[in-house]
Amino acid sequence: MSTAGKYALVTGSSRGIGRGIAIKLAGKGARVAVHYYQNEDAAKVTLSKVRECGSDGFLVQADVCRHEDVGRMFGRVKAEFGKLDIFVHNARPDLPGFYTGPMNITLEQWDTALNSQAKAFLVGAREASQLMRDGGRIIGITYAPGGRFGSWQPWVAMGSAKAAMESLCRYFAVALARRRITVNAISPGWIEDSVLNTLPKEAQQKIRDWHEGGWIPMGHLGTPADIGNAVALLCSDEASWITGQTLAVDGGASLMETVMPLDMQQAVPRAAEVA
Ligand SMILES: NC(=O)c1ccc[n+]([C@@H]2O[C@H](COP(=O)([O-])OP(=O)(O)OC[C@H]3O[C@@H](n4cnc5c(N)ncnc54)[C@H](OP(=O)(O)O)[C@@H]3O)[C@@H](O)[C@H]2O)c1
Numbered sequence: 015m016s017t018a019g020k021y022a023l024v025t026g027s028s029r030g031i032g033r034g035i036a037i038k039l040a041g042k043g044a045r046v047a048v049h050y051y052q053n054e055d056a057a058k059v060t061l062s063k064v065r066e067c068g069s070d071g072f073l074v075q076a077d078v079c080r081h082e083d084v085g086r087m088f089g090r091v092k093a094e095f096g097k098l099d100i101f102v103h104n105a106r107p108d109l110p111g112f113y114t115g116p117m118n119i120t121l122e123q124w125d126t127a128l129n130s131q132a133k134a135f136l137v138g139a140r141e142a143s144q145l146m147r148d149g150g151r152i153i154g155i156t157y158a159p160g161g162r163f164g165s166w167q168p169w170v171a172m173g174s175a176k177a178a179m180e181s182l183c184r185y186f187a188v189a190l191a192r193r194r195i196t197v198n199a200i201s202p203g204w205i206e207d208s209v210l211n212t213l214p215k216e217a218q219q220k221i222r223d224w225h226e227g228g229w230i231p232m233g234h235l236g237t238p239a240d241i242g243n244a245v246a247l248l249c250s251d252e253a254s255w256i257t258g259q260t261l262a263v264d265g266g267a268s269l270m271e272t273v274m275p276l277d278m279q280q281a282v283p284r285a286a287e288v289a
């Protein structure tokens with residue numbers, strides 16, 4: 015599938031990673047439905063950037079925690095585009111909605127996380143597939159470490175929700191394979207110009223220092239454009255036989271072992287050692 019002339023919906027594309035994905039797809043010739051929750055002004059900025067790329071699209075508002083809203087969002091896509099080729103589920107509620115450890119999290123916070131990822135993806139993938147032409151692409155933006163590990167305690171609900179979404183990707187991949195619709199997840203590492211920049215300055219600096227200190231082999235944070243590139247890659251013709259996978263796009267972060275000191279892993283070879 016070539017991206018030119020295609021129709022895409024990117025949830026949470028008012029800012030952050032979603033904006034990077036929307037701009038990349040627009041740059042490759044796709045029309046983009048720019049979804050937002052509350053931040054219409056930011057969504058308008060994304061849409062203007064889509065238009066600067068020579069493409070077009072429209073704005074659509076929805077709370078992805080409410081399945082009725084997800085259905086309404088696809089109704090709007092049908093009315094505006096009449097079809098769909100690419101659905102990227104990227105939206106995630108802001109941290110106060112769910113960010114609490116397992117001993118104290120409220121059931122409301124738990125539901126916010128699960129509804130925004132698992133239920134929204136279940137409903138979204140079904141709705142998308144009905145609008146989609148054969149050979150389409152469905153992509154969930156996850157954070158795979160949160161679903162595998164247990165150390166980041168306040169992430170318990172979102173980690174569980176993302177793990178459920180990754181699992182759904184595999185089930186939908188099989189369900190839609192005969193229509194050549196691929197369904198994959200992308201797992202970014204820490205990304206600049208995203209939720210990271212809403213954290214206290216001290217926390218942001220700690221994360222940057224950690225990246226530069228050797229635990230991430232490439233030694234720096236990613237960008238929304240890096241994730242847009244990965245989405246474009248999965249949307250290309252060349253990726254037509256890749257389905258049901260979770261792709262880490264993290265500068266090698268997921269390759270590091272936590273049970274060994276960094277110097278023993280030789281994460282940062284000196285220039286002389288490389289030569
Ligand atoms: N940032 C990272 O380093 C990182 C790393 C790994 C994975 N991820 C994943 O990448 C995705 C994007 O992260 P980000 O940091 O770029 O996000 P972000 O900057 O915090 O933006 C969140 C987006 O989701 C929308 N949103 C918030 N609550 C919503 C709701 N209830 N219903 C519908 N949309 C809602 C926001 O819309 P408004 O602007 O209208 O509020 C915004 O467009 C998330 O799924 C996240 O888990 C991020």
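Per the numbering used here, numbering through the sequence shown is continuous, rising by one, with the last residue being 289. Backbone N, C-alpha and C define an ideal beta-carbon position, used for all residues, glycine too. Quick caveat, the model's predicted, so the values are computed rather than measured.
Distances between the C-beta of D77 and the heavy atoms of ligand 1 include at least one below 6 Å. Taking a cut-off of 8 Å on C-beta distances, the stretch 54-61 does not touch the stretch 125-142, as fewer than three cross pairs fall below it. By DSSP's assignment, Y51 forms no beta bridge with any residue. Below 8 Å, enough C-beta pairs join the stretch 20-40 and the stretch 95-103 to call them touching: three or more. G149 has its alpha-carbon roughly 22 Å from the corresponding atom of T156. For A22, the three-state secondary structure derived from DSSP is strand. Remark: the C-beta of R29 is in contact range of ligand 1, defined as less than 6 Å to any heavy atom.
For the stretch 112-191, the full-length alpha helix (DSSP H) segments reaching 4 residues or more read 121-128, 134-145, 158-162, 170-189 along the chain.
In the DSSP assignment, V273 falls outside any beta strand (DSSP E) and carries neither an H nor an E. In this structure, P107 has its CB closer than 6 Å to one or more heavy atoms of ligand 1. The closest CA to that of D70, considering only H225, Y51, R45, is found on R45.
V245 is positioned such that its CB atom lies no closer than 7 Å to that of I31. Distances from the CB of Q52 to the heavy atoms of ligand 1 include at least one below 6 Å. The C-beta distance from A177 to G154 rounds to 11 Å, too long to fall under 8 Å, and the pair is not in contact. Counting along the chain, H103 sits inside the beta strand (DSSP E) bounded by residues 98-103.
Within the DSSP secondary-structure output, Q75 pairs in a beta bridge with Y50. In this structure, A262 is the residue among W124, S174, A262 with its C-alpha nearest to the C-alpha of N243.
With a cutoff of 7 Å on beta-carbon distance, G265 and I241 are scored as not near each other. Put simply, the stretch 108-121 touches the stretch 162-177. At least three CB pairs are less than 8 Å apart.
For L261, the shortest C-beta to heavy atom distance toward ligand 1 is 6 Å or greater. DSSP places P107 outside both helix and strand once states are collapsed to three, so it counts as coil. With a cutoff of 6 Å, P159 does not count as near ligand 1, since its C-beta is closer than that to no heavy atom of the ligand.
Under a 10 Å Cβ-count criterion, H234 is classified as exposed, with fewer than 16 other Cβ atoms of the shown protein chains found around its own Cβ.
Per the C-alpha coordinates, the member of E66, C249, R147 positioned closest to R192 is R147.
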